[in-house]
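**Student:** One structure, pasted below without further comment.
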Amino acid sequence: MIKGFIFDLDGVITDTAELHYAAWKKLSDEQGWHFDRELNEKLRGISRMDSIKVIMDHNGVSLDDATIVELATMKNDIYVDSLDDMTPEDYLPGARELLTHLRSEGFSVALGSASKNANKVLKQLNAVHFFDVIGDGNSVSKSKPAPDIFLFASDKLGLRPDNCIVFEDAEKGIDAAKAGNFHSVGIGPEERVGHADIRFDTMKQATLFEVKSHFKDLF
Ligand code: BG6
Ligand code: MG
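In my numbering, the protein residues as written are 551 to 769.
Put into structure tokens, the structure is as follows:
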């Protein structure tokens, strides 16, 4: 029986990938590192510290831990500044409608994001009121593909994983949902989230009606 929904944030509720890209690009340019959109795709869903390690590995760079933290903080400062321009107009099409519908139908709803900036993003979107529980990059120490953030969210909702559907746009996010025994909805292309229980190209297609019709035995 489905009683709850757990949403990833970046790439599901709003598209921050371009803002993350711009911030990593600025940092990489300053460091003389190569960084492009293809590499940015590899950062989808993974934590800030895992992200900088992917970029450093790609560039054959190794640095001491304190310097890595300092550089990741520089990137974060650029990213956080860019969030000031985000407004309630910046939901991905369909996301606000789905959240509103879930609220009106009485489902429990949680956020399960790897981002330590999730609260700021939700405030900019005026989306805090949609969530009973907010799980973010500060809630657990093991990030996706570990299931911990989704287990944190379901636990706080008081639900078992098999009572919840996770919405994710990242390959590692779907891996995390599956590792935790959650039902999963992938948002994005087959090659990225084709291993989800069901997949939609965009959030606009992921209406409650469509989700219910795919998981009909569970509602
Ligand atoms: C995820 C993004 O939601 O959050 C990743 O998909 C990002 O690209 C991660 O690295 C961590 O975000 P933040 O805001 O804590 O740097
Ligand atoms: Mg995401």
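Idealized CB from N, CA, C, for every residue including glycine.
Quantities reported herein were computed from a predicted structural model and do not represent experimental measurements.
1) What are the boundary residues of the alpha helix (DSSP H) that includes Ser578?
2) Determine the direct distance from the alpha carbon of Gln581 to that of Asp627, and round the result to whole angstroms.
3) In the DSSP output, which residue or residues are listed as bridge partners for Arg749?
4) At 4 residues or longer, what runs of the alpha helix (DSSP H) sit wholly inside the region 640-691?
5) Checking 7 Å against the spacing of the C-beta atoms, do Gly662 and Ile699 come in under that value?
6) Pairs of beta-carbons, one from the region 595-612 and one from the region 691-709, closer than 8 Å: are there three or more?
7) Please confirm whether Ala746 and Val761 have their CB atoms less than 7 Å apart.
8) Specify which residues have a beta carbon nearer than 7 Å to any heavy atom of the ligand MG, listing them in chain order.
9) Determine the closest residue to Asp579 out of Ile605, Phe557, Gly561, with distance taken between C-alpha atoms.
10) According to DSSP, is Gly723 part of a helix, a strand, or is it coil?
11) Judging by CA-CA distance, which residue of Ala727, Ser658, Tyr641, Val716 is the nearest neighbour of Asn676?
12) Cβ-heavy atom distance between Ala703 and the ligand BG6 below 6 Å?
13) Out of Arg742, Asn590, Val619, Lys625, which one is the CA nearest neighbour of His608?
14) Using a 10 Å radius around the Cβ and a threshold of 16 neighbouring Cβ atoms, would you call Thr623 buried or exposed?
15) Examine the ligand BG6 and report whether any of its heavy atoms sits within less than 6 Å of the Cβ of His794.
16) At a cut-off of 6 Å, would you count His608 as near the ligand BG6, judging by its Cβ distance to the nearest heavy atom?
17) When you compare the region 563-574 with the region 721-735, are there three or more beta-carbon pairs, one atom per stretch, that lie closer than 8 Å?
**Tutor:** Well, looking at it:
1) 567-581
2) 16 Å
3) Gly736
4) 645-654, 668-675
5) yes
6) yes
7) no
8) Asp558, Leu559, Asp560, Gly561, Val562, Arg594, Gly595, Glu718, Asp719, Ala720, Gly723
9) Ile605
10) helix
11) Tyr641
12) no
13) Asn590
14) exposed
15) Past the boundaries of the shown model lies residue 794; the chain is included only from 551 to 769, so the question cannot be answered.
16) no
17) no
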